[in-house]
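So the protein lines, in turn, are chains P and F.
Under this note's numbering, the first residue of the first sequence is numbered 1, with each subsequent residue one higher.
Under this note's numbering, the first residue of the second sequence is numbered 327, with each subsequent residue one higher.
There are 2 protein chains.
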Amino acid sequence: MTREVVKLAQKFNNFYLNGFQKGDIRPFLVDGQQVGLIKSEVLKHLKRFPEVFCIRKCEYSNQGIVELNPAFRDYGERTEKLDKVLRQLKSENIFTALSGWRDEYYEVKSAQSVGLLKMDRSATCLFGVRKYGVDINGYVKHPTQGLCIWLQQRSNTKETWPGKWDNMVGGGLSVGFGIIETAIKEAAEEASIPNHLIKNLVSAGCVSFFFESDRGLFPNTEYVFDLELPIDFVPHNSDGEVQAFELLPAKECLERVFSPEFKTTSCPVVIDFMIRHGFLTSENQLNFTQIVELLHVPLQSLYTYNRSLENNANNFDNKIENGHSI
Amino acid sequence: MTREVVKLAQKFNNFYLNGFQKGDIRPFLVDGQQVGLIKSEVLKHLKRFPEVFCIRKCEYSNQGIVELNPAFRDYGERTEKLDKVLRQLKSENIFTALSGWRDEYYEVKSAQSVGLLKMDRSATCLFGVRKYGVDINGYVKHPTQGLCIWLQQRSNTKETWPGKWDNMVGGGLSVGFGIIETAIKEAAEEASIPNHLIKNLVSAGCVSFFFESDRGLFPNTEYVFDLELPIDFVPHNSDGEVQAFELLPAKECLERVFSPEFKTTSCPVVIDFMIRHGFLTSENQLNFTQIVELLHVPLQSLYTYNRSLENNANNFDNKIENGHSI
Numbered sequence: 001m002t003r004e005v006v007k008l009a010q011k012f013n014n015f016y017l018n019g020f021q022k023g024d025i026r027p028f029l030v031d032g033q034q035v036g037l038i039k040s041e042v043l044k045h046l047k048r049f050p051e052v053f054c055i056r057k058c059e060y061s062n063q064g065i066v067e068l069n070p071a072f073r074d075y076g077e078r079t080e081k082l083d084k085v086l087r088q089l090k091s092e093n094i095f096t097a098l099s100g101w102r103d104e105y106y107e108v109k110s111a112q113s114v115g116l117l118k119m120d121r122s123a124t125c126l127f128g129v130r131k132y133g134v135d136i137n138g139y140v141k142h143p144t145q146g147l148c149i150w151l152q153q154r155s156n157t158k159e160t161w162p163g164k165w166d167n168m169v170g171g172g173l174s175v176g177f178g179i180i181e182t183a184i185k186e187a188a189e190e191a192s193i194p195n196h197l198i199k200n201l202v203s204a205g206c207v208s209f210f211f212e213s214d215r216g217l218f219p220n221t222e223y224v225f226d227l228e229l230p231i232d233f234v235p236h237n238s239d240g241e242v243q244a245f246e247l248l249p250a251k252e253c254l255e256r257v258f259s260p261e262f263k264t265t266s267c268p269v270v271i272d273f274m275i276r277h278g279f280l281t282s283e284n285q286l287n288f289t290q291i292v293e294l295l296h297v298p299l300q301s302l303y304t305y306n307r308s309l310e311n312n313a314n315n316f317d318n319k320i321e322n323g324h325s326i
Numbered sequence: 327m328t329r330e331v332v333k334l335a336q337k338f339n340n341f342y343l344n345g346f347q348k349g350d351i352r353p354f355l356v357d358g359q360q361v362g363l364i365k366s367e368v369l370k371h372l373k374r375f376p377e378v379f380c381i382r383k384c385e386y387s388n389q390g391i392v393e394l395n396p397a398f399r400d401y402g403e404r405t406e407k408l409d410k411v412l413r414q415l416k417s418e419n420i421f422t423a424l425s426g427w428r429d430e431y432y433e434v435k436s437a438q439s440v441g442l443l444k445m446d447r448s449a450t451c452l453f454g455v456r457k458y459g460v461d462i463n464g465y466v467k468h469p470t471q472g473l474c475i476w477l478q479q480r481s482n483t484k485e486t487w488p489g490k491w492d493n494m495v496g497g498g499l500s501v502g503f504g505i506i507e508t509a510i511k512e513a514a515e516e517a518s519i520p521n522h523l524i525k526n527l528v529s530a531g532c533v534s535f536f537f538e539s540d541r542g543l544f545p546n547t548e549y550v551f552d553l554e555l556p557i558d559f560v561p562h563n564s565d566g567e568v569q570a571f572e573l574l575p576a577k578e579c580l581e582r583v584f585s586p587e588f589k590t591t592s593c594p595v596v597i598d599f600m601i602r603h604g605f606l607t608s609e610n611q612l613n614f615t616q617i618v619e620l621l622h623v624p625l626q627s628l629y630t631y632n633r634s635l636e637n638n639a640n641n642f643d644n645k646i647e648n649g650h651s652i
């Protein structure tokens, strides 16, 4: 029985567990609805753009809120005005996050899945916007070594987590691509999984966690898929984003996950896989139920502010209620 | 795409989503630590026993708290004093819950897993004590019907949920029995699973939810196990607690789960199974991430009150912090 897994789960939830009490977090509203969380070190730079960001007090949130100018008429205008600010901040080298500018848009949606605006993927962590991705656990039932898991080593030239070990296949959802569509596309690009194998892909749920790094905030939900592979299949990369693949027995894979060589925000997917497949259990893990909780933190309850609340009672119960009603 | 699953997930979390805001819930402390939640309709009867329950105001909780008399010296004395009250209340027919007296103890533990006292299983819902159980998903990969799931119909003579459909095997953890041990024991008693099949049992995680019925509060965590069964195996009951078993294709099983003939508090286990096995997916379920959240609600964060907090700051951040640190 070890505490290593629960410690890791606390690490990739460092913001969920410790970030709020610092008291410098403000809801970020677009079109009257909360879509993000903004730290004061980001806020101080946004203050330079009062025509884009309305920073104001409100009854409901002690810290006040940040609102994208509600006078912007639509998706297009919001996107354009925000993009201009982000390019300005990027040119001034103010945020590490923006140095990884991707020229790839991420769509910010309302709770009802209505697109509100899009912004460069590199900027979402500055606004604490919820991100969604897909991950494929590629595994082999080895006749002598038991459950084995394919990992990829990220290319040294990747902007984020260069050279780190990662799940066999993973990628963020981008504008215009569906969840399963993204999984299949990434499986082909990253690991050259052929059609006759990808048809065995099994949807297996999702994990949610809230990590903070010096780049910003990462409230992530990953849709997870399992793919059992034949023992003689070896993935190879097609898009230059992966420098190696390695097949590891579950025990060695877990050791890799604990090492600093593993991308922190990919750990939840591996741990969830090992729980679902009976490798991490209530028998061998102290705090097993806590680990499972920390793979599914209630992110929705952290994004419940909306303008209509400002006239209503200010209490935590409302937050819970709003977090989960539809 | 339907909303039926998310509606069901809201139903078995009716207390988590709607119970708190009623504002009549008090933390229940034993030995300085919160182990339960007490509704005012229970509290009014506990007031008759001031030598057992200290009901007092405190800074941290608006509603005040209920504490088992801290003068009770140890496990034995706490158990004895509480048992006497419960038997008195039972004899007066005050609570429906106690009419199902089981003569089977449930051990109430601290967050550090130290046993604090034991009480009859029927009484835990009056005190909102967290309950733990095991469930086995018995399934068959049928050559023509695809994924099929074994369900049991509970005996008409069972005290709780008589005659309702339920998971193939399930049971509460009792004093002195381990998790896997309970699963194997229940598999033999309820479904006569032979040794050569039970050895294929796979631990697959846990689900947590918070249900309320007219009996009381049910903050439940179920350790879930999967057991693939050969197509020609038919479970049969050994202990008189089951009146029928039926093998259903996944689609029909889901319809059964939606019907009023299914035990509400067993639904999360089936839904979790169907998510992990690719039957319920982000493609066919609206609010998929919300469903997964509602299968893993952060119960731990609702049991964070302890006496040492009374001298500290009163804020929600502390509750979150304490809920997840170890």
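Even glycine gets a Cβ: it sits at the ideal position worked out from N, Cα and C.
Going by the DSSP bridge assignment, what does residue 203 of chain P pair with across the sheet? By one-based count along the first sequence, residue 203 of chain P stands at place 203. Looking at the DSSP assignment, residue 203 of chain P forms a beta bridge with P:225.
How would you call residue 26 of chain P, buried or exposed, if buried means at least 16 neighbouring beta carbons within 10 angstroms? Translated into positions along the first sequence, residue 26 of chain P becomes position 26. So residue 26 of chain P ends up on the buried side.
Using a Cβ cut-off of 9 Å (strictly closer), state whether residue 299 of chain P contacts chain F. Taking the first residue of the first sequence as 1, we reach residue 299 of chain P at position 299. Yes, residue 299 of chain P lies at the interface with chain F (some Cβ there is under 9 Å from its Cβ).
Three-pair Cβ contact test at 8 Å for the segment 136-144 of chain P versus the segment 45-52 of chain P: Counting C-beta pairs closer than 8 Å gives fewer than three between the segment 136-144 of chain P and the segment 45-52 of chain P, which falls short of the contact rule.
Just list the alpha helix (DSSP H) runs in the segment 571-609 of chain F, keeping only unbroken ones of 4 residues or longer that don't cross its boundaries, in chain order. 576-584, 593-602
Could you tell me which of P:178, P:71, P:136 sits nearest to residue 113 of chain P, measuring between CA atoms? The residue labelled residue 113 of chain P in the question sits at position 113 within the first sequence. Nearest C-alpha to residue 113 of chain P: P:178.
Among P:187, P:32, P:170, P:79, the one whose alpha carbon lies nearest that of residue 267 of chain P: As a first step, residue 267 of chain P is located in the first sequence; it is residue number 267 there, counting from the start. Here the closest residue by C-alpha is P:170.
Let's see if you can read the secondary structure: which residues bound the beta strand (DSSP E) around residue 619 of chain F? Within the second sequence, numbered from 1, the residue matching residue 619 of chain F stands at position 293. For residue 619 of chain F, no beta strand (DSSP E) segment is defined; the enclosing uninterrupted segment is the alpha helix (DSSP H) at 614-620.
Chain F within 9 Å of residue 295 of chain P, Cβ atoms only: By 1-based counting over the first sequence, the position of residue 295 of chain P is 295. Closer than 9 Å: yes.
Identify each residue in the segment 523-534 of chain F for which the Cβ-Cβ distance to at least one residue of chain P is less than 9 Å, and report them in chain order. 527, 528, 529, 530, 531, 532, 533, 534
Classify residue 367 of chain F as buried or exposed, calling it buried when 16 or more other Cβ atoms lie within 10 Å of its own Cβ. Counted from its first residue, the second sequence places residue 367 of chain F at position 41. Exposed, by the Cβ-count rule.
Span of the alpha helix (DSSP H) around residue 384 of chain F: Taking the first residue of the second sequence as position 1, residue 384 of chain F is located at position 58. No alpha helix (DSSP H) holds residue 384 of chain F; DSSP gives it neither H nor E.
Roughly how many whole angstroms lie between the Cα atoms of residue 476 of chain F and residue 551 of chain F? The residue labelled residue 476 of chain F in the question sits at position 150 within the second sequence. The residue labelled residue 551 of chain F in the question sits at position 225 within the second sequence. C-alpha separation (whole angstroms): 13 Å.
Roughly how many whole angstroms lie between the Cα atoms of residue 342 of chain F and residue 597 of chain F? The count along the second sequence starts at 1 and reaches residue 342 of chain F at position 16. The count along the second sequence starts at 1 and reaches residue 597 of chain F at position 271. Per the coordinates, the alpha-carbon of residue 342 of chain F lies some 18 Å from the alpha-carbon of residue 597 of chain F.
Residue 276 of chain P: contacting residues in chain F (beta-carbon distance under 8 Å): Counted from its first residue, the first sequence places residue 276 of chain P at position 276. Simply 530, 531, 602.
Compare the beta carbon distance of residue 516 of chain F and residue 564 of chain F with 9 Å and say whether it is the shorter of the two. As a working note, residue 516 of chain F is residue 190 in the second sequence. As a working note, residue 564 of chain F is residue 238 in the second sequence. In this structure, residue 564 of chain F lies closer than 9 Å to residue 516 of chain F by Cβ.
For the segment 215-229 of chain P, which residues have a beta carbon sitting closer than 7 Å to at least one beta carbon of chain F? 221, 223
For residue 180 of chain P, would you say it is in contact with chain F, using Cβ-to-Cβ distances shorter than 9 Å as the test? Within the first sequence, the letter at position 180 stands for residue 180 of chain P. Yes, residue 180 of chain P counts as interfacial toward chain F.
Going along chain P in order, which residues have a C-beta closer than 9 Å to the C-beta of residue 615 of chain F? Taking the first residue of the second sequence as 1, we reach residue 615 of chain F at position 289. Going along chain P in sequence order, the residues near residue 615 of chain F (Cβ under 9 Å) are 132, 206, 208, 221, 223, 299, 300.
For the segment 89-105 of chain P and the segment 60-72 of chain P, state whether three or more C-beta atom pairs, one from each stretch, are separated by less than 8 Å. no
Starting from residue 61 of chain P, find everything on chain F with Cβ-Cβ shorter than 7 Å and list it in chain order. For this step, residue 61 of chain P is matched to residue 61 along the first sequence. Below the 7 Å Cβ cutoff, chain F contributes no neighbours of residue 61 of chain P, its closest Cβ being approximately 12 Å away.
Taking all protein chains shown into account, decide if residue 423 of chain F is buried (16 or more other Cβ within 10 angstroms of its Cβ) or exposed. In the second sequence, residue 423 of chain F corresponds to position 97, counting from 1. That one is buried.
Could you pull the start and end residues of the beta strand (DSSP E) that residue 44 of chain P belongs to? By one-based count along the first sequence, residue 44 of chain P stands at place 44. Unbroken run through residue 44 of chain P is the alpha helix (DSSP H), 40-46; no beta strand (DSSP E).
Just curious, the alpha helix (DSSP H) that residue 84 of chain P is in, first and last residue? For this step, residue 84 of chain P is matched to residue 84 along the first sequence. 75-91 is the extent of the alpha helix (DSSP H) around residue 84 of chain P.
Does the Cβ of residue 284 of chain P have 16 or more other Cβ atoms within 10 Å, making it buried, or fewer, making it exposed? Position 284 of the first sequence, counted from the start, is the residue given in the question as residue 284 of chain P. Classification for residue 284 of chain P: exposed.
Excluding the five sequence neighbours on either side, which residues of its own chain have a C-beta within less than 6 Å of the C-beta of residue 135 of chain P, listed in chain order? Position 135 of the first sequence, counted from the first residue, corresponds to residue 135 of chain P. Excluding residues within five positions, the ones whose Cβ falls inside 6 Å are 167, 170, 222, 224, 269.
Identity of the residues DSSP links to residue 538 of chain F by a beta bridge: Indexing the second sequence from 1 puts residue 538 of chain F at position 212. F:543, per the DSSP bridge assignment.
With DSSP run on the structure shown, which of helix, strand or coil describes residue 322 of chain P? Here the question's residue 322 of chain P lines up with position 322 in the first sequence. Low confidence applies to residue 322 of chain P: its pLDDT is 34, below 50, so where it sits in the model is not reliable enough to give any reading.
Tell me the DSSP secondary structure of residue 28 of chain P in three-state form. Sequence index remark: in the first sequence, residue 28 of chain P carries index 28 (1-based). Residue 28 of chain P: strand per DSSP, three-state reduction.
From residue 107 of chain P to residue 72 of chain P, what distance separates their C-alpha atoms? Numbered from 1 along the first sequence, position 107 holds the residue referred to as residue 107 of chain P. Numbered from 1 along the first sequence, position 72 holds the residue referred to as residue 72 of chain P. Answer to the nearest angstrom: the Cα atoms are 17 Å apart.
If you compare alpha carbons, which of P:194, P:243, P:7 is closest to residue 157 of chain P? For the purposes of this step, residue 157 of chain P is identified with residue 157 of the first sequence, where counting begins at 1. Comparing Cα-Cα distances from residue 157 of chain P to each of P:194, P:243, P:7, the minimum goes to P:243.
Three-state secondary structure (DSSP) of residue 14 of chain P: What you label residue 14 of chain P is simply residue 14 of the first sequence in a count that begins at 1. Helix at residue 14 of chain P.
Give the range of the alpha helix (DSSP H) segment to which residue 522 of chain F is assigned. The residue you call residue 522 of chain F lines up with position 196 of the second sequence. Where residue 522 of chain F is concerned, the enclosing alpha helix (DSSP H) stretches over 521-524.
For residue 457 of chain F and residue 445 of chain F, I'd like the C-alpha separation in whole angstroms. The residue given as residue 457 of chain F occupies position 131 in the second sequence. The residue given as residue 445 of chain F occupies position 119 in the second sequence. Taking the straight line from one Cα to the other gives about 12 Å.
If we count the other Cβ atoms within 10 Å of its Cβ and call it buried at 16 or more, is residue 235 of chain P buried or exposed? Counting from 1 along the first sequence, the entry for residue 235 of chain P is found at position 235. Label assigned to residue 235 of chain P: buried.
Are residue 29 of chain P and residue 302 of chain P touching if we call contact CB-CB under 9 Å? Reading the first sequence from its first residue, position 29 is the one you call residue 29 of chain P. Reading the first sequence from its first residue, position 302 is the one you call residue 302 of chain P. The Cβ atoms of residue 29 of chain P and residue 302 of chain P lie no closer than 9 Å to each other.
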